[in-house]
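J.: Have a look at the structure that comes next, please.
Number of protein chains: 2
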Amino acid sequence: MKIIVDAFGGDNAPLEIIRGAADAVAAYGYEILLTGSEEIIRRVAEENSLSLDGMEIVDTQDIIRMEDHPKSILREHKDSSMAVALRLLSEGRGDAVVSAGSTGALLMGATFIVKRIKGISRPALAPIMPSDDAPFMLIDCGANADCRPEMLVQFARMGSVYMSHMFPREGGPRVGLLNVGTEDTKGGELQLATFPLLKESDLNFIGNIEARDVPAGVADVVVADGFAGNVLLKTMEGTVDMLLKNLKTALRSTLLTKLGAALVMPGLRMLKKKLSTSEYGGAVLLGVNKPVIKAHGNSKAKAFTNAIRVAAEFAASGAIDEIAAGARPTDQGEAE
Amino acid sequence: MKIIVDAFGGDNAPLEIIRGAADAVAAYGYEILLTGSEEIIRRVAEENSLSLDGMEIVDTQDIIRMEDHPKSILREHKDSSMAVALRLLSEGRGDAVVSAGSTGALLMGATFIVKRIKGISRPALAPIMPSDDAPFMLIDCGANADCRPEMLVQFARMGSVYMSHMFPREGGPRVGLLNVGTEDTKGGELQLATFPLLKESDLNFIGNIEARDVPAGVADVVVADGFAGNVLLKTMEGTVDMLLKNLKTALRSTLLTKLGAALVMPGLRMLKKKLSTSEYGGAVLLGVNKPVIKAHGNSKAKAFTNAIRVAAEFAASGAIDEIAAGARPTDQGEAE
Chain A
160 MKIIVDAFGG DNAPLEIIRG AADAVAAYGY EILLTGSEEI IRRVAEENSL
210 SLDGMEIVDT QDIIRMEDHP KSILREHKDS SMAVALRLLS EGRGDAVVSA
260 GSTGALLMGA TFIVKRIKGI SRPALAPIMP SDDAPFMLID CGANADCRPE
310 MLVQFARMGS VYMSHMFPRE GGPRVGLLNV GTEDTKGGEL QLATFPLLKE
360 SDLNFIGNIE ARDVPAGVAD VVVADGFAGN VLLKTMEGTV DMLLKNLKTA
410 LRSTLLTKLG AALVMPGLRM LKKKLSTSEY GGAVLLGVNK PVIKAHGNSK
460 AKAFTNAIRV AAEFAASGAI DEIAAGARPT DQGEAE
Chain B
160 MKIIVDAFGG DNAPLEIIRG AADAVAAYGY EILLTGSEEI IRRVAEENSL
210 SLDGMEIVDT QDIIRMEDHP KSILREHKDS SMAVALRLLS EGRGDAVVSA
260 GSTGALLMGA TFIVKRIKGI SRPALAPIMP SDDAPFMLID CGANADCRPE
310 MLVQFARMGS VYMSHMFPRE GGPRVGLLNV GTEDTKGGEL QLATFPLLKE
360 SDLNFIGNIE ARDVPAGVAD VVVADGFAGN VLLKTMEGTV DMLLKNLKTA
410 LRSTLLTKLG AALVMPGLRM LKKKLSTSEY GGAVLLGVNK PVIKAHGNSK
460 AKAFTNAIRV AAEFAASGAI DEIAAGARPT DQGEAE
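Same order as they appear, the protein sequences are chains A and B.
Mind the numbering: the first sequence is residues 160 to 495 in our numbering, read in order.
Mind the numbering: the second sequence is residues 160 to 495 in our numbering, read in order.
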């Protein structure tokens, strides 16, 4: 198993990426192919006493930045560390790509370099998120602001296949349609048109779900258009941040609360770990021919190690073949 | 000032409503008109030693329930406590209505009994929510799942007028368009078409805002279609619930954390109060001819007292006249 890692994406490149990759080699024995400036990678590794054993470097000088237009990955920045990583993947030089760089560029590059699965209208960006129960997949979280009902059904299928491989659950992953209420007749035009399609599908469709119940873990696959999904994702993140910040202030408000805070710290650490997104390796890009994982821009070494592990498990799972088989109406009949 | 209160809406009717109304009479000297079964109201008041001084009762036997179709407020349930409250408001028997009953029915009733302001396409449901900074208005939070750009502009105007009266801020309320990114060119068709309209308006439009920044208080008026607004509202609620529940568990996990929990409790109570929605009286129904306030279904006495206060302040503010003046293109010219 060889994972291609963009060593120059995200806020903590390349140190935390190299560290995460080294940990992944040590823990799981994967081969790693890093893309980026070989000179800088070797220097940073040496300065931080990190072993590059089990790692290969493909030297690239250019970097695509957050402020660059996503399309530039196909043109001005076609030799950036991210673009080269995707090209190596499409050429079969590795089994999956991990990048913490610009989401828009990664989506654009994956769609046009790794290419869409035949029959899939639009790839989706699907983060794995913590809930009070098990982790769940939110699909789509922003790749497609405007969606048609057929796209949501494809998202549901792709998410269901992924989760059934990665987080198996008896009866199949519970697929819920994000809506403003749980009744069958709720929602706007998009949801009203999508509901019957999901209802008559062979997915484990549990019906409409409310955003209120998502953090509790009501579904394993939360299906939404990219706009609403993005609002859900970012509201969860913003609310957790705001609460933890206020909690900190509250715990420091008096001498007594400060003393209490020291005593409750182990409990709070447990809570923080439970709600941490770094355990699940970021977002999966579903609908392209090979596994592409988008790590969070602020990922540290541990998040990269996890993202690399998730990428390897995804590559080994056969999920993409299953998505491809289901996406082609002509093949579907044979497969069943 | 006379506030009409639906005594049979919500989970805690009628006891908590009567208690909240009695507190409002005592604290602010408002007159209250309760709609509902006079017999039950008098019995519950007596059993709980609550004074009905300053309160008038209009006897109604029927109640509209959560499971009833919203439209039934105009037909089968046109003599329910909620329908009668709205009819009394439209007849000028009071200055505002407060109800904690079915949102759909209240919206339907307000639209067709109290009636839309001339020139307003669709009334909106706009909760006042706590943020890390000041409270903000989210408009719309679910009355209109599918919106046109002109509707969002009306929401922005109505919200801006309301907030400028109720929570004045120098330079006017900061109006933000909920979007998937802060750049001007972000979003789906709806946001792309709405952005220039808000940009060229005379509102204090601060541009696109991300859901991530909403809990921190980035804007005073958060403009969204009802679907995305509903997702934002319910994700915030669900995330706060999930976090506080987990925090409780974490604080009880060991003997030491239990001891610490006792010490940090004052800080946590402060935090809970800051994030409590009951301070702001629920959601405002904007776009109809008179003030209608939707209290949260699970409101207790204190939330009702606050909702009654907000209703009275809204009625006294002149905000509806200002919205009406701005909503009529022919009048707008004269007003300026």
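Idealized CB from N, CA, C, for every residue including glycine.
A quick note: this is a predicted structure, and the numbers were derived from the prediction, not measured.
1. Give a yes or no on whether the C-beta atoms belonging to residue 282/B and residue 275/B are separated by under 9 Å.
2. Please go through the same chain and pick out, in chain order, the residues whose beta-carbon is closer than 6 Å to the beta-carbon of residue 450/A, but skip the five residues on each side of it.
3. Using 9 Å as the limit for Cβ to Cβ distance, is residue 412/A near chain B?
4. Cβ of residue 380/B within 9 Å of Cβ of residue 315/B?
5. Using DSSP bridges, identify the partner residues of residue 215/B.
6. Can you list, in chain order, the residues of its chain with a C-beta nearer than 7 Å to that of residue 389/A? Leave out the 5 residues immediately preceding and following it.
7. Give a yes or no on whether the C-beta atoms belonging to residue 217/A and residue 247/A are separated by under 9 Å.
8. Go ahead and label residue 414/B buried or exposed: buried means 16 or more other beta carbons lie within 10 angstroms of its beta carbon, across all protein chains shown.
9. Please classify residue 377/B: does DSSP put it in a helix, a strand, or coil?
10. In three-state terms, what does DSSP make of residue 283/A?
11. Can you pull the chain B neighbours of residue 371/A, defined as C-beta to C-beta under 7 Å?
12. Anything in chain A within Cβ reach of residue 457/B, meaning under 7 Å, just list it in chain order.
13. Going along the chain, which residues of the stretch 339 to 354 of chain A sit with their C-beta nearer than 7 Å to a C-beta in chain B?
14. Assuming contact is defined by CB atoms lying nearer than 9 Å, are residue 323/A and residue 331/A in contact in what I supplied?
15. So, at 6 Å on beta carbons, what are the nonlocal neighbours of residue 367/B in its own chain, with the 5 sequence-adjacent residues on each side left out?
16. So residue 334/B is in the beta strand (DSSP E); what residue range does that whole segment cover?
17. When DSSP labels each residue in this structure, what does residue 405/A get in the three-state scheme?
18. So which residues on chain B does residue 387/A lean against when the C-beta distance must stay under 8 Å?
19. Secondary structure at residue 161/B, three-state DSSP: helix, strand or coil?
20. For residue 406/A and residue 205/B, I'd like the C-alpha separation in whole angstroms.
21. Between residue 164/B and residue 193/B, how many whole angstroms is the CB-CB distance? I'm expecting something under 8 Å.
22. Quick one: grab the DSSP three-state call for residue 299/B.
23. Go ahead and label residue 495/B buried or exposed: buried means 16 or more other beta carbons lie within 10 angstroms of its beta carbon, across all protein chains shown.
24. Is the beta carbon of residue 231/B less than 9 Å from the beta carbon of residue 264/B?
25. Three-state secondary structure (DSSP) at residue 453/B?
26. For residue 466/B and residue 452/B, I'd like the C-alpha separation in whole angstroms.
27. What does the alpha-carbon distance come out to for the pair residue 173/B and residue 166/B?
28. So, helix, strand or coil for residue 473/B, using DSSP?
29. In three-state terms, what does DSSP make of residue 389/B?
30. Is there a Cβ of chain A sitting closer than 9 Å to that of residue 433/B, yes or no?
31. Looking at chain B, is there any beta carbon in it that lies within less than 9 Å of the beta carbon of residue 367/A?
32. Residues of chain B with a CB under 8 Å from the CB of residue 416/A: which are they?
33. What residues in the stretch 248 to 264 of chain A bring their beta carbon closer than 7 Å to a beta carbon of chain B?
34. Per DSSP, residue 271/A forms a beta bridge with which residues?
35. Going by DSSP, which residues form a beta bridge with residue 226/A?
36. Would you mind giving the Cβ-Cβ distance between residue 464/B and residue 395/A, rounded to the nearest angstrom? I have them listed as a contact below 8 Å.
T.: Concretely, from the data shown:
1. When the beta-carbon positions are compared, residue 282/B and residue 275/B come within less than 9 Å of each other.
2. Taken in chain order, the residues that qualify are 255, 470, 473 and 474.
3. Taking a beta-carbon distance threshold of 9 Å, residue 412/A counts as an interface residue toward chain B.
4. Cβ atoms of residue 380/B and residue 315/B: closer than 9 Å.
5. Under DSSP, residue 215/B forms a beta bridge with 192/B.
6. Scanning its chain for C-beta atoms nearer than 7 Å, with the 5 sequence neighbours on each side dropped, one finds around residue 389/A the residues 300 and 301, in chain order.
7. Contact flag set, yes.
8. Per the 10 Å Cβ criterion, exposed.
9. Here residue 377/B sits in coil by DSSP.
10. Residue 283/A falls in the strand class under three-state DSSP.
11. Going along chain B in sequence order, the residues near residue 371/A (Cβ under 7 Å) are 393, 396 and 397.
12. Neighbours of residue 457/B on chain A: none; closest Cβ ~13 Å, over 7 Å.
13. So the list reads 339, 346, 347 and 348, given in the order they occur along the chain.
14. Yes. Within cutoff.
15. The beta carbon of residue 367/B is closer than 6 Å to those of 336, 338, 341 and 345 in its chain, skipping five residues each way along the sequence.
16. Residues 334 to 338.
17. In this structure, residue 405/A counts as helix in the three-state DSSP scheme.
18. By Cβ distance, chain B contributes 386, 387 and 390.
19. Looking at residue 161/B - three-state DSSP - the assignment turns out to be strand.
20. Within the model, the alpha-carbon separation for residue 406/A versus residue 205/B is close to 42 Å.
21. The pair is a contact, with the Cβ atoms about 5 Å apart (cut-off 8 Å).
22. Judged by DSSP in its simplified three-state form, residue 299/B adopts coil rather than helix or strand.
23. Reliability fails at residue 495/B, whose pLDDT of 32 lies under 50, so the model's placement of it is uncertain and the value that follows must be treated cautiously. Residue 495/B is exposed by the Cβ-count criterion.
24. Between residue 231/B and residue 264/B, the gap from beta carbon to beta carbon is short of 9 Å.
25. Note: residue 453/B maps to strand in three-state DSSP.
26. Straight-line Cα distance between these residues: approximately 7 Å.
27. Here the alpha carbon of residue 173/B sits roughly 5 Å from the alpha carbon of residue 166/B.
28. Three-state result, residue 473/B: helix.
29. It is helical.
30. Chain A has a Cβ within less than 9 Å of the Cβ of residue 433/B.
31. Any Cβ of chain B closer than 9 Å to the Cβ of residue 367/A would place that residue at the interface, and such an atom is absent.
32. Taking a Cβ-Cβ cut-off of 8 Å, the neighbours of residue 416/A in chain B comprise 422, 423, 425 and 426, given in sequence order.
33. Per Cβ criterion, the list is empty.
34. DSSP output for residue 271/A lists no bridge partner at all.
35. BP columns for residue 226/A are empty, so no partner.
36. Contact between residue 464/B and residue 395/A is absent: CB atoms are separated by about 32 Å, not below the 8 Å threshold.
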